[in-house]
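Chemist: First the structure, then my questions, so here it is.
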Amino acid sequence: MTTHAQIIDLALDRIVTGYVFPQRAVEVDQAIRARLASGAYDALSGAAFCAAVTAHLQEVCPDKHLRLLWQDEPRATGSSEEDAGRAAFLALMRAENQGIRRCEQLDGNIGYLDVRWMADAGEGARAIGAAMELVAHSRALLLDLRECRGGSPAGAAMWCSYFFPDDQVHLNDFYERSTDSTRQYWTLSHLPAPRYLYRPVYVLTSATTFSGGEDVAYTLQAYERAEVIGETTRGGAHPTDRYPVTEHITVTVPTARTTNAVTGTNWEGVGVRPDRDVPADTAFEVAYKEALERQA
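Residue numbers (the working numbering): 314 to 609.
Quick look at the structure:
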């Protein structure tokens with residue numbers, strides 16, 4: 314049986330070698346080892362142990378992507394886990410209809426999309442295109458990200474691409490610590506459905522909206538391509554890798570940081586602040602009413 318000390322050792326090794334801000338990783342390492350030595354985890358196991366470690370990780374380094382996660386179903390560990398992690402994400406996206414929960418034409422010819430995940434840009438392209446095809450002739454669009462938990466940065470870039478006329482829009486830069494290099498994300502030149510141009514777009518947000526969902530909201534807001542209506546989002550802007558610690562425990566490590574091409578910064582720790590700050594459960598009604606009034 315793997316001990317708490319062994320679990321902590323394995324998790325901290327991934328954090329120290331991978332976390333995008335090396336100095337913060339050292340601080341995390343010292344703090345968690347001190348907690349372990351003090352007996353803070355002695356009486357805990359399973360999900361409770363992971364929750365306690367996560368709380369302490371984020372106490373030292375307030376990065377909501379930095380977590381120790383428990384899963385009841387055992388998963389394989391080993392050198393192929395990164396591939397296994399991607400396979401698990403793709404399987405989740407297939408089960409979740411590539412993140413698209415609902416697509417509807419509302420009265421007044423207002424389009425509505427409820428998107429819960431940013432799917433992989435490869436496997437998700439057809440589903441994303443199908444959704445955009447269905448709202449292609451609407452007079453305005455409500456893009457509901459209130460329950461969007463994140464997903465693929467490339468998928469977020471694909472969603473954003475539909476709202477710009479060509480492939481000449483620089484969206485974000487991602488700096489990756491492991492390669493000490495920066496990857497640029499631009500709008501895509503080829504999309505499987507028509508672009509959604511010259512019409513109002515309303516992005517709905519909540520305190521649950523996170524990561525890839527925030528990416529889309531922040532980018533469209535920064536380019537003044539959409540009005541964001543709802544609540545300030547959770548504030549997670551660091552792309553993350555997942556590493557197995559045991560067959561039941563995974564550590565998630567933010568290995569990159571995002572810089573928006575317009576603002577020169579991101580939403581890490583502060584969230585995306587809406588243009589119209591309203592409770593999440595009223596955001597749909599507020600946006601829909603405004604969309605109808607603008608078309609009157």
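Each residue gets a CB set at the ideal place from its N, CA and C atoms; glycine is no exception. Nothing here was measured: the structure is a model prediction, and the numbers come from that model.
(1) For residue 405 and residue 462, I'd like the C-alpha separation in whole angstroms.
(2) According to DSSP, residue 381 sits in a beta bridge with which residue or residues?
(3) So, are the CB atoms of residue 440 and residue 413 less than 8 Å apart?
(4) Report the rounded CA-to-CA distance for residue 420 versus residue 376, giving the unit in angstroms.
(5) Compute the Euclidean distance between the alpha carbons of residue 586 and residue 528, then round it to the nearest angstrom.
(6) Kindly indicate the opening and closing residues of the beta strand (DSSP E) around residue 497.
(7) How about residue 343 and residue 452: do their beta carbons lie closer than 8 Å?
(8) Residues in the same chain with beta-carbon distance under 6 Å from residue 496, minus the five sequence neighbours each way, listed in chain order, please.
(9) Between residue 369 and residue 400, what straight-line distance do the alpha-carbon atoms span, to the nearest angstrom?
(10) Taking buried to mean at least 16 other C-beta atoms within 10 Å of its own C-beta, is residue 356 buried or exposed?
(11) Taking the beta carbon of residue 651 as the centre, do at least 16 other beta carbons fall within 10 Å, making it buried, or is it exposed?
(12) Identify, in the order they occur along the chain, each residue of the same chain with its Cβ nearer than 6 Å to the Cβ of residue 327, setting aside the five sequence neighbours on each side.
(13) What separation, rounded to the nearest whole angstrom, lies between the Cα atoms of residue 544 and residue 516?
(14) Looking only at C-alpha atoms, which of 446, 438, 426, 445 sits nearest to residue 457?
(15) Could you spell out the range, first to last residue, of the beta strand (DSSP E) harbouring residue 424?
(16) Thinking C-beta only, is residue 434 closer than 8 Å to residue 467?
(17) Since residue 379 contacts residue 371 with CB under 8 Å, what's their CB separation in whole angstroms?
(18) Of the residues 330, 445, 573, 581, which one's Cα is nearest the Cα of residue 532?
(19) I'd like to confirm the pairing. Which residues does DSSP put opposite residue 486 in its beta bridges?
(20) Which residues in the same chain have their Cβ closer than 7 Å to the Cβ of residue 363, if we skip the five residues on either side of it in sequence?
(21) Going by other Cβ atoms of all chains shown within 10 Å of its Cβ, with 16 needed for buried, is residue 335 buried or exposed?
(22) Shortest alpha-carbon distance to residue 500 belongs to which of 477, 511, 521?
(23) What residues in its chain sit with their C-beta under 6 Å from that of residue 337, if we drop five residues either side in the sequence?
(24) Let's see if you can read the secondary structure: which residues bound the beta strand (DSSP E) around residue 591?
(25) Taking buried to mean at least 16 other C-beta atoms within 10 Å of its own C-beta, is residue 583 buried or exposed?
(26) What does a CB cutoff of less than 6 Å around residue 508 pick up in its chain, not counting 5 residues either side in sequence?
Modeler: According to the structure shown:
(1) 13 Å
(2) 564
(3) yes
(4) 41 Å
(5) 12 Å
(6) 494-499
(7) no
(8) 487
(9) 30 Å
(10) exposed
(11) Residue 651 is absent from the structure shown; the chain starts at 314 and stops at 609.
(12) 556, 564, 566
(13) 11 Å
(14) 426
(15) 423-428
(16) yes
(17) 6 Å
(18) 573
(19) 497, 572
(20) 381, 382, 383, 562
(21) exposed
(22) 477
(23) 374
(24) Where residue 591 is concerned, there is no enclosing beta strand (DSSP E), given that its DSSP letter is neither H nor E.
(25) exposed
(26) 475
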